[in-house]
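Since the structure comes first, as structure tokens, the remarks are kept for the end.
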Amino acid sequence: MILNDPFFIGICFFTIGFLSLVGFTSAYLNYFFKSKIYRYYSLYILTLLLFVITVYIKDTGDFPIKTVRRNVMQLLVDGLQMLSALLFCSFIYHAMVFQDVKYEKLKKTYHAFIGFIGIYFLIMFIFPHFVRVSFEFFVITRLIIYLIAILFYYHLGKGLKIVFFRYLFIGTTFLFVSGILALWDSITNASIYTGFHYLCYGYFFENICFIGAFIYKYFIVDKEKQEVEHRYEVQLFTTKIEMQQQTMEYIGKEIHDNIGQKLTLASLYTQQLGHENKAPNITDNIYNISALINESLDEMRELSKSLTDNSIEKNNIYKLIENESERVRKLNSYKVKFISNNKNIDLNYQSKAVLTRIVQEFFQNSIKHADCQNLTLVLTTVKNSVELVLVDDGKGFDKDKTYSNGIGLRNMKKRTEMLNGEFKLESKLAIGTKITVTIPF
13 MILNDPFFIG ICFFTIGFLS LVGFTSAYLN YFFKSKIYRY YSLYILTLLL FVITVYIKDT
73 GDFPIKTVRR NVMQLLVDGL QMLSALLFCS FIYHAMVFQD VKYEKLKKTY HAFIGFIGIY
133 FLIMFIFPHF VRVSFEFFVI TRLIIYLIAI LFYYHLGKGL KIVFFRYLFI GTTFLFVSGI
193 LALWDSITNA SIYTGFHYLC YGYFFENICF IGAFIYKYFI VDKEKQEVEH RYEVQLFTTK
253 IEMQQQTMEY IGKEIHDNIG QKLTLASLYT QQLGHENKAP NITDNIYNIS ALINESLDEM
313 RELSKSLTDN SIEKNNIYKL IENESERVRK LNSYKVKFIS NNKNIDLNYQ SKAVLTRIVQ
373 EFFQNSIKHA DCQNLTLVLT TVKNSVELVL VDDGKGFDKD KTYSNGIGLR NMKKRTEMLN
433 GEFKLESKLA IGTKITVTIP F
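Next comes the structure, spelled out in structure tokens:
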């Protein structure tokens, strides 16, 4: 009985007042943020508060030694102390996971700790007298708690580059030191203090550090999170604008490269008719004009269809290339062979659209200019990229001269580079042409 010890009473009241203030604040944070961190911390502070109050009542009230009431109070103190250790561990674990999900690897250790506390309470209810009087059991269970907690303490120490972890690490250090001193005092009983005094000092300095961690998190981390969200929104808006610009650029290229070129030729033929009055080839020119206009109208319909139809979105790249190959096969003038090592290649819309346009351009150039008979397309996945090889057995061309003047070839290269890909062109006279397009997933 230490009823007349004013120092003990002062320590109790100071700790109770401090924990009450911290508990009220943490309960408010839990209500405001709805976070597991504040929830477990609030329960931890509440348990500490009940523990200190119980110790004060037990050691200053009318609970004579060796009475049933004294024994019950002692078991209640032990139970609250073990429960506080569990909630402290829960708070630290969830705080670490909140900071970085990689710490979920400690989940098994956390669950093992929960299981250990559960076994402790089971033994307490079945063998209360053993738990109360066995000093060896008391020391062993506390050492087990320290050993498990050290694992969390070790990972906090490894993450000290994170400011939030520094506060938690220092607070946990205070608690560990006070716990070790309390255990040492309980074993030796050599100091003027009781182990409870050491625990009170540890609770005070520990929670000062934890309050610092919450203040840092609120004013620094949450503000940074808001800034990141704002930057993400700006980036998303910028990406949408860039996609719209790329779409408009694509439409412009399609109109300029295909339809514009043909309408220009039709205009030249018309001008030629005006200068060649009654020329013998007037019928051929009229036919050419009609053919160019009809072809331009067909391509205009195809362009319109590509902008409104969602076939690129619905199908994978293998199906899209197979469909283009089938259209050429129906001409019955060319043998088209399409090979792929993966019929389920998953690409985004832009990549599928670009590869499809390159295949269309390849077919158009080979049919119109190459005088070829066989067309081969090979689609393969290589590491983290997709490779498309296009080969014809036509007459070939001088790459240095034709490439610089070929709008279609230049557009193939530009489209590939737009996806951070690589475009390679090979052509030999009387042998044929080979185009290799490689784009990243």
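For the sequence shown, this note's numbering gives the first residue as 13, with consecutive numbering after it.
Beta carbons: idealized from backbone N, C-alpha and C, even for Gly.
Among V80, M85, V401, which has the Cα closest to the Cα of V67?
-> V67 has its Cα closest to that of M85, out of V80, M85, V401.
I think F453 touches N396, with their Cβ atoms under 8 Å apart; what is that distance to the nearest whole Å?
-> Confirmed, about 5 Å.
Starting from the C-beta of G171, find all residues in its chain whose C-beta is less than 6 Å away, skip the five residues before and the five after it, and write them out in chain order.
-> F177.
Please list the segments of the alpha helix (DSSP H) lying wholly inside the region 65 to 132, counting only runs of 4 or more residues, in order along the chain.
-> Residue ranges of uninterrupted alpha helix (DSSP H) with 4 or more members, entirely inside the region 65 to 132 and ordered along the chain, are 80 to 111.
What separation, rounded to the nearest whole angstrom, lies between the Cα atoms of S439 and D112?
-> Distance between S439 and D112, taken at the CA atoms: about 54 Å.
Distance, K114 Cα to V390 Cα = In a straight line, the C-alpha of V390 is about 41 Å away from that of K114.
With a CB to CB cut of under 7 Å and the five nearest residues on each side skipped, what residues in its chain are close to N377?
-> Excluding sequence neighbours, N377 sits near G420.
Applying the criterion that 16 or more other CB atoms from any shown protein chain within 10 Å of the CB defines a buried residue, is F20 buried or exposed?
-> The residue in question, F20, is buried, as its Cβ has 16 or more Cβ neighbours within 10 Å.
Per DSSP, what kind of secondary structure is G420 in: helix, strand or coil?
-> Here G420 sits in helix by DSSP.
Check whether the Cβ atoms of F186 and G224 lie closer than 8 Å to each other.
-> For F186 and G224, no; Cβs fall outside 8 Å.
List the whole-angstrom C-beta distance separating E399 from T450, where the pair is believed to meet the contact cut-off of C-beta under 8 Å.
-> E399 to T450, Cβ: 5 Å. Contact.
Note down, in chain order, each residue of its chain lying with its Cβ closer than 7 Å to the Cβ of F100, except the 5 sequence neighbours on either side.
-> Closer than 7 Å at Cβ, skipping near neighbours: Y56.
Residue interval of the beta strand (DSSP E) (run including S439) | Counting along the chain, the unbroken beta strand (DSSP E) around S439 starts and ends at 434 to 440.
Which stretch, first to last residue, makes up the alpha helix (DSSP H) that contains D197?
-> Counting along the chain, the alpha helix (DSSP H) containing D197 begins and ends at 175 to 200.
Cβ neighbour criterion (16 or more within 10 Å) applied to G35 | Looking at its Cβ environment, which holds 16 or more other Cβ atoms inside 10 Å, G35 is buried.
Nearest candidate by alpha-carbon position, reference T59, set M94, I69, T448 | Answer by Cα proximity: M94.
Name the residue from L193, T37, L98 whose alpha carbon lies nearest to the alpha carbon of G130.
-> It is L98.
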